[in-house]
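To start, the structure under review is shown below, and the notes come after it.
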Amino acid sequence: MTQFSDRSVAVFDLPLPDGATILHPEQVVLRFGNAGTADIGALCYLRRGKEQRLRGRFAREVDLSSYSAERAENVRAVIEHISQESRHGGRRILTLKYMTDRLSNSFMDWADSNGHPDALSSKEAARTAFRGYCAYVGDRVGQNLISITTGAQYQTKVLALLSGLHESDDLHHGIRLLQQDNSSEAATSPPSCDDQSRVLAMCEALFDGLTELVLDGKSYPFKLAMPRYLNWSTDFLWVFPTRYWCMPPHALAVRHSMKYPYWKYDYANGRVTPRDELTKLLGYDGYGENYRATARVEEANANLDHSSRRQVGIVAHNAFVVLFAANTGMNRSQLLSLPWAGPHDIATERQGFRVIKWRANNRVCHFEIEASFLPRFRRFLELRKYLLSSTPYGSLFFTLGRHMEPTPGPMLPSVVSSFFELLRTLDPQLPTISFREWRAAKSDWLVRNTDPATAAMILQNSEQTVLKAYAAGSESVHRDEMSAFFASVRNTVLNRGEMLANSVDRAVGVCTSFGAPTSPGDGPITPDCRQVEGCLFCGHYKVHADECDTKKLLSCRYCLHQTSHLASSEEQFQQMFGPILERIRVLLDEINHRDPGLVDRLHVEVEAGDLDPYWASKMEMLINLEIAA
518 MTQFSDRSVA
528 VFDLPLPDGA
538 TILHPEQVVL
548 RFGNAGTADI
558 GALCYLRRGK
568 EQRLRGRFAR
578 EVDLSSYSAE
588 RAENVRAVIE
598 HISQESRHGG
608 RRILTLKYMT
618 DRLSNSFMDW
628 ADSNGHPDAL
638 SSKEAARTAF
648 RGYCAYVGDR
658 VGQNLISITT
668 GAQYQTKVLA
678 LLSGLHESDD
688 LHHGIRLLQQ
698 DNSSEAATSP
708 PSCDDQSRVL
718 AMCEALFDGL
728 TELVLDGKSY
738 PFKLAMPRYL
748 NWSTDFLWVF
758 PTRYWCMPPH
768 ALAVRHSMKY
778 PYWKYDYANG
788 RVTPRDELTK
798 LLGYDGYGEN
808 YRATARVEEA
818 NANLDHSSRR
828 QVGIVAHNAF
838 VVLFAANTGM
848 NRSQLLSLPW
858 AGPHDIATER
868 QGFRVIKWRA
878 NNRVCHFEIE
888 ASFLPRFRRF
898 LELRKYLLSS
908 TPYGSLFFTL
918 GRHMEPTPGP
928 MLPSVVSSFF
938 ELLRTLDPQL
948 PTISFREWRA
958 AKSDWLVRNT
968 DPATAAMILQ
978 NSEQTVLKAY
988 AAGSESVHRD
998 EMSAFFASVR
1008 NTVLNRGEML
1018 ANSVDRAVGV
1028 CTSFGAPTSP
1038 GDGPITPDCR
1048 QVEGCLFCGH
1058 YKVHADECDT
1068 KKLLSCRYCL
1078 HQTSHLASSE
1088 EQFQQMFGPI
1098 LERIRVLLDE
1108 INHRDPGLVD
1118 RLHVEVEAGD
1128 LDPYWASKME
1138 MLINLEIAA
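Residue numbers for the sequence shown follow the numbering used here, so the first one is 518 and each next one is one higher.
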């Protein structure tokens, strides 16, 4: 019978002190601020008692004879990773505590009981153990022992910690996670051109403007130019030397309801708010607030190394990381840990590209960027030198943590996630684009603008891998072309009661020139007066935003869905009818915009069997042929 005993423990607050060395990882209990503790050191023993939660105990009993020196080294790496995440990551301390608990009290307990004692030792071993763990969690969900939401959280939290520990963004590939299937066979589709353009425009504006403020010693309040796609009344923000360094128009509109509105700074007009105006806003004499704000601005303008300048300098740094990922197409682990020792050489090996070469760790390193990106890269090196001061650091990218600490730390994926959250304070609709998606976009662009061999060389992949990724890219380009084709939809949808001369009623709307089909662009289906789908993609096709034509579209869609079982797969069905259904969706969206509620109301009627007369007869025929139920 296994004998469990107490052991010596030592409680360490997160983050660990700089330069701290964990001599006895088996004794370590981590304290996550007010979120509580986690007995990570118990994992050094392969046999552990149940988690102790009663009578104030925070350390697990263990079988002292099951101590593993190899496991202790793995646990030391886990402790160091958690400490780095707490110092330099973007996750809340409570989230990090939950991740640690799931790793130690769920995943590792299962792993040690099911023949995976090496689960922390390598990426390959972690993937093997994680695959089995996911099946175990799925079984518990199937037995109604835990909810599917809880099971999914168990999986994702463990995955996040293992991925960070092993610097891998593909550890889950080939493993079916709850609520999603991340198959390794699926190529990553590039984000749309519109999404890429918006993210890049935002990052370029922040990098170019904030580096000017920091490196050129510009004065506060600083006028920061912003992308025109935002459609603000003014294409700029005023930047102040405070934690809330800017306030976009949508924030200004709700400023009165903010907990901390920072009235002493006039974000709309780029000035410190005058005493008299501040008094009216505050409800008391604004002298003190005005004095402190003025002093803060003067202090920041007199000191080119002021903390506020370093704060926005890190924002510029993170913006460049996104620009760099988009330009190079590097994978996440390679980019975030890219060594840098300088000095560097710049070579021209392919037209339009520049190779950056340098030595690090006694070996020659290199990456390629577009020639047009070189000025920004050189500007970034100036920013990097400024932020690091005289502190040497071996990676190109880094972080100074939440509190702008003097000692740099590694750039973690969570920092990039937090940066996108910051971007969405400026543009709430801005999408997050992952490193894998940037890589897919780069591959797609290179194949379309160079050739597979050059793309493979720049991305350091095989031509086969690049072409596989391009298949997904081609689909993305096709969608963009479809979007451009449907941009004329407003001209296609007519207002209720709008009459057109010589128009002819059709199964999905009206035709303004029957017998003479024309194509307004390179649509996916050739216009044809004899086929319904050909009607939808004709330049002479129109549809009214009224009950009659809307029910025609909904009835057409209903009948198509009733025949979906005839396709051998969902993929085949989408290949056959996807463009038609997308066309109908776009038209219905525009109709709904013209007459809110109309589409929803008629959808209920159609789903109940009240179809347009033409489509009702079609449906009856399908039923008689036993094609539809």
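We put the CB at the ideal spot given by N, CA and C, even for glycine.
Since the model is a prediction, treat every value here as computed from it, not as a measurement.
Close-in-space but distant-in-sequence residues of the same chain around residue i (CB under 6 Å, 5 per side omitted)
{"i": "SER825", "result": "PRO758 and ALA817"}
{"i": "TYR761", "result": "TYR779"}
{"i": "SER585", "result": "LEU563"}
{"i": "VAL756", "result": "PHE739, LEU741, TRP762 and CYS763"}
{"i": "CYS720", "result": "ALA836, VAL839 and LEU840"}
{"i": "VAL1021", "result": "CYS1028 and PHE1031"}
{"i": "CYS504", "result": "The requested residue 504 does not occur in the structure, where the chain is confined to residues 518 to 1146."}
{"i": "LEU1011", "result": "LYS1059 and HIS1061"}
{"i": "VAL658", "result": "ILE665 and GLY668"}
Among the options, nearest to residue i - alpha-carbon criterion
{"i": "ARG1100", "options": "SER889, ASN1012, ILE1042 and HIS1120", "result": "ILE1042"}
{"i": "ASP1066", "options": "SER585, ALA559, VAL1116 and HIS1057", "result": "VAL1116"}
{"i": "ALA576", "options": "SER585, SER582, ASN591 and LEU560", "result": "LEU560"}
{"i": "ASN489", "options": "PHE884, TRP857 and ARG827", "result": "The structure shown does not extend to residue 489, since the chain is modelled only from 518 to 1146, so the question has no answer here."}
{"i": "ARG1013", "options": "PRO1113, ARG593, TYR903 and LEU898", "result": "PRO1113"}
{"i": "GLU543", "options": "VAL881, VAL595, PHE952 and LEU798", "result": "VAL595"}
{"i": "LYS674", "options": "GLU641, LEU1105, LEU611 and VAL545", "result": "LEU611"}
{"i": "ASP535", "options": "PHE647, CYS651, SER603 and GLU590", "result": "SER603"}
{"i": "SER623", "options": "TYR671, VAL1021, ARG608 and LEU662", "result": "TYR671"}
{"i": "LYS959", "options": "ASP783, SER706, ASN820 and ALA785", "result": "SER706"}
{"i": "ARG956", "options": "ASP686, ASP822 and ASN807", "result": "ASP686"}
{"i": "LEU853", "options": "LEU769, GLY787 and PHE952", "result": "PHE952"}
{"i": "ALA552", "options": "LEU1139, LEU531, THR1009 and GLY691", "result": "LEU531"}
{"i": "TRP857", "options": "PRO1044, GLU1107, ALA843 and CYS882", "result": "CYS882"}
{"i": "ARG941", "options": "GLY911, LEU1104 and HIS767", "result": "HIS767"}
{"i": "PRO1096", "options": "ASP1127, LEU1053 and GLU1107", "result": "LEU1053"}
{"i": "HIS605", "options": "PRO930, ILE1140 and GLN1091", "result": "PRO930"}
{"i": "ASN591", "options": "ASN748, ALA643 and LEU943", "result": "ALA643"}
{"i": "ALA628", "options": "GLY911, ARG565 and SER525", "result": "ARG565"}
{"i": "ALA770", "options": "VAL789, GLN1091, PRO948 and TRP749", "result": "TRP749"}
Cβ separation of residue i and residue j, assumed to be a contact under 8 Å, to the nearest whole Å
{"i": "LYS740", "j": "PHE753", "result": "5 Å"}
{"i": "SER1072", "j": "VAL1123", "result": "6 Å"}
{"i": "GLU954", "j": "PRO708", "result": "5 Å"}
{"i": "HIS469", "j": "GLY655", "result": "Since the first residue of the chain shown is 518 and the last is 1146, residue 469 is not available in this structure."}
{"i": "LYS781", "j": "GLU815", "result": "Not a contact, Cβ separation roughly 14 Å."}
{"i": "ALA636", "j": "ALA646", "result": "4 Å"}
{"i": "VAL716", "j": "LEU900", "result": "Actually they do not touch by this definition, with Cβ atoms about 20 Å apart."}
{"i": "ARG827", "j": "MET921", "result": "5 Å"}
{"i": "ARG1074", "j": "LEU1098", "result": "6 Å"}
{"i": "THR617", "j": "LEU547", "result": "7 Å"}
{"i": "ILE950", "j": "ASP711", "result": "With 8 Å as the limit, ILE950 and ASP711 do not qualify as a contact, their Cβ atoms being about 12 Å apart."}
{"i": "PHE890", "j": "ASN844", "result": "5 Å"}
Own chain residues within Cβ distance below 8 Å of residue i, not counting five before or after
{"i": "GLU1015", "result": "HIS1061"}
{"i": "TYR1131", "result": "ALA1024, LYS1069 and SER1072"}
{"i": "SER522", "result": "GLU578, VAL579, ASP580 and LEU581"}
{"i": "LEU1017", "result": "LEU1011, VAL1027, THR1029 and LYS1059"}
Those residues which DSSP pairs with residue i across a bridge
{"i": "TYR782", "result": "VAL789"}
{"i": "GLY800", "result": "Partner(s): none; GLY800 has no beta bridge."}
{"i": "LEU662", "result": "Bridge partners of LEU662: none, in fact."}
{"i": "VAL546", "result": "VAL528"}
{"i": "SER706", "result": "Looking at the DSSP assignment, SER706 forms no beta bridge with any residue, so it has no partner."}
{"i": "PHE753", "result": "ALA742"}
{"i": "PRO856", "result": "SER912"}
{"i": "LYS516", "result": "There is simply no residue 516 to check, as the chain begins at 518 and stops at 1146 in what is shown."}
{"i": "PHE724", "result": "None, per the DSSP bridge assignment."}
{"i": "CYS882", "result": "TRP875"}
{"i": "ALA555", "result": "LEU547"}
{"i": "ASP1106", "result": "Partner(s): none; ASP1106 has no beta bridge."}
{"i": "TYR584", "result": "TYR562"}
{"i": "ILE863", "result": "ILE873"}
{"i": "LEU926", "result": "Note on residue identity: the sequence assigns Gly, not Leu, to residue 926. Answer is THR916, bridged to GLY926."}
Cβ shell of residue i (< 7 Å), same chain only, five flanking positions each side left out
{"i": "THR865", "result": "ARG871"}
{"i": "LYS1068", "result": "LEU1119, VAL1123 and ASP1129"}
{"i": "LEU905", "result": "PRO925"}
{"i": "ILE873", "result": "HIS861, ILE863, HIS883, PHE884 and ILE886"}
{"i": "LYS776", "result": "none"}
Using 8 Å as the threshold, is the region 936-949 in touch with the region 911-928, meaning 3 or more CB pairs across them?
By the Cβ rule, the region 936-949 does not count as touching the region 911-928, because fewer than three pairs are nearer than 8 Å.
Per the contact definition of three or more C-beta pairs closer than 8 Å, is the region 547-566 in contact with the region 589-605?
The region 589-605 vs the region 547-566: in contact.
Check whether the region 825-840 touches the region 718-730, counting contact only when three or more Cβ pairs, one atom from each stretch, lie closer than 8 Å.
Short answer: they touch.
Quick test of the definition: if touching needs 3 or more C-beta pairs under 8 Å, does the region 785-799 touch the region 845-860?
no
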